[in-house]
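J.: Add 877 to a position in the sequence shown, counting from 1, and you land on the number used in our numbering.
Glycine included, C-beta positions come from ideal geometry on N, C-alpha and C.
Being a predicted model, the structure only gives us computed values, none of them experimental.
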Amino acid sequence: MAKKPKVATDSAKVPSVLAFNRKIEPSDALMQSGLWSERANSTAWKNIDLHEKRNRGTKSQYGVDDAEKTDPNLVWGDDARLPFEADTLKVFFTVKFLGNIAEPTTHNRPDFEIKLKEKFATYQQDIGFLTLAKRYVRNLINARFLWRNRLGAENIALQIRNTDTNQIWNFENAYQHSLNNFDELEDKQAMEIAELVAKSFSEDNYLLLEVTAFAKVGEGQHIFPSQEFVDKPPKGQKSKYLYQIKTNQGMCAGIHSEKIGNAIRTIDDWYTVENSDSLKAPIAVEPYGSVPNRGQAYRISKTDFYTLLINWLENEEISKDDQHFVVANLIRGGVFGGND
């Protein structure tokens, strides 16, 4: 027998059924090799192949028994590098920015949707999307999406193309654009892109951009595709699997779309850290400010998405930064249902 749909109660702050589609949709990214001097030649770039490596190392983790400290540590996994005739990594992906941000995919509380759309309309009119759009665009032109591939590159150049108008913007040095500072975006080209992104958020429309990055890392250097999750690999078997994409030219090392999206939405520097005077690094927009690789959640209570959303809908005063954070979570999308 089919289950009956959940019916919300008046006492619930957040509907038990509530979901939003994400409004920033990146593709996976292709990773190719070539020469820095051939950046303008689209036919000069070759897919980067994965290859296996088997190494005999030492054990270095904490807590190894004395009897095992001289035992070898056998490592078997995928690896990826530039060939020695290439000095540059090329990364290519597309990203789509969509509107209808406050339109739930599904919900079971019509009154909640009405309140949300009223608040959202006020935000759109009084504040607008340009602040968020500039932050997202900064994370394109600073090449944050390269992650570890960004470190130690001699230079990083980018090209962004509007697929609708064929307009192209070139950025010759990604390092000129900070990873940690979201002050006013001064680059004229970046502002043009940000205005298009803001427009796509405010209308029932979309903007599709092609993003190409060139990182001059050096001949034969290690590059870092996404790593696949392997749940409890058998002992003595291959334990590291890197991501690859099937193309017309064969298999190609790649970066997960989720990792690209995480980089683009790393714009939350509105969170607070108690007893800290140091510069806060921005984190990805998440309802609880979760950063798994630091073992930390920066928005556990009072400043989490749900508390701020409820306060906003109940006409309590919340700051402009908190409103940006709430809207950025709606752009992020996800399943947000609560408990009735």
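Under 6 Å Cβ to Cβ from F1213, same chain only, skipping five residues before and after it: list those, please.
T.: L895, listed in sequence order.
J.: Going residue by residue through the stretch 1019–1101, where are the continuous beta strand (DSSP E) segments of at least 3 residues, counting only ones entirely within it?
T.: Whole beta strand (DSSP E) segments, 3+ residues: 1032–1039, 1045–1048, 1083–1093.
J.: Determine, using beta carbons only, whether R899 and G1211 come nearer to each other than 9 Å.
T.: Yes, the Cβ-Cβ distance between R899 and G1211 is below 9 Å.
J.: Since A1071 contacts K1011 with CB under 8 Å, what's their CB separation in whole angstroms?
T.: Going by Cβ atoms, the distance from A1071 to K1011 rounds to 4 Å, so yes, they are a contact pair.
J.: Determine the closest residue to R916 out of V1014, V941, Q1036, with distance taken between C-alpha atoms.
T.: If we check each option's Cα against that of R916, Q1036 comes out closest.
J.: Of the choices N1139, K1179, W1147, F1006, whose alpha-carbon is the least far from that of P1218?
T.: There is no way to answer for residue 1218, as the model of the chain reaches only from 878 to 1217.
J.: Along the chain, which unbroken stretches of the alpha helix (DSSP H) at least 4 residues long are found entirely within the stretch 980–1015?
T.: For the stretch 980–1015, whole alpha helix (DSSP H) runs of length 4 or above, ordered along the chain, are 987–1003.
J.: For a quick check, are the C-beta atoms of N1026 and A1051 less than 9 Å apart?
T.: Taking 9 Å as the Cβ cut-off, N1026 and A1051 do not qualify as a contacting pair.
J.: With respect to the alpha helix (DSSP H) encompassing V972, which residues constitute its N-terminal and C-terminal limits?
T.: Element bounds for V972: not the alpha helix (DSSP H) but the beta strand (DSSP E), 965–975.
J.: Can you tell which of F969, Q1098, L1119 has the C-alpha that lies nearest to the C-alpha of Q1104?
T.: Of F969, Q1098, L1119, the residue nearest in Cα terms is L1119.
J.: Answer yes if the stretch 918–927 comes into contact with the stretch 974–993, meaning at least three C-beta pairs across the two stretches below 8 Å, and no otherwise.
T.: Result no; under three Cβ-Cβ pairs closer than 8 Å.
J.: State the DSSP-derived secondary structure class of N942, mapped to helix, strand or coil.
T.: Note on residue identity: the sequence assigns Asp, not Asn, to residue 942. Looking at D942 - three-state DSSP - the assignment turns out to be coil, as it is neither helix nor strand.
J.: Among residues of its own chain, excluding the 5 on either side of N950, which ones have a beta-carbon nearer than 6 Å to its beta-carbon?
T.: Excluding sequence neighbours, N950 sits near G934, T935, K936.
J.: Could you give the uninterrupted runs of the beta strand (DSSP E) lying entirely in the stretch 1162–1204, keeping only those of 3 residues or more?
T.: Segments of the beta strand (DSSP E) lying fully in the stretch 1162–1204: there are none.
J.: Should Q1044 and K967 be called a contact, given that it needs their Cβ atoms to be closer than 9 Å?
T.: No, they are not a contact pair.
J.: Taking the alpha carbon of S1178 as the reference point, which residue from L1190, L1156, P1164, E1096 has its own alpha carbon closest?
T.: The option with the nearest alpha carbon to S1178 is P1164.
J.: With respect to the alpha helix (DSSP H) encompassing E1135, which residues constitute its N-terminal and C-terminal limits?
T.: Residues 1134–1141.
J.: Between the C-alpha atoms of F970 and D1181, what's the straight-line distance to the nearest angstrom?
T.: Near 31 Å, if we compare the C-alpha coordinates of D1181 and F970.
J.: So, is V884 buried or exposed, given that buried needs 16 or more other C-beta atoms within 10 angstroms?
T.: Reliability fails at V884, whose pLDDT of 45 lies under 50, so the model's placement of it is uncertain and no value is given.
J.: Below 8 Å, how does it come out for the stretch 1086–1099 and the stretch 945–960: are there three or more Cβ pairs, yes or no?
T.: Yes, the stretch 1086–1099 touches the stretch 945–960.
J.: DSSP state of V1212, grouped into three classes?
T.: V1212: strand per DSSP, three-state reduction.
J.: Count the other C-beta atoms from every protein chain shown that fall within 10 angstroms of the C-beta of D887, then say buried if there are 16 or more, exposed otherwise.
T.: Low local confidence applies: a pLDDT of 45 at D887 is under 50, so the model's placement there is unreliable, and no value is given.
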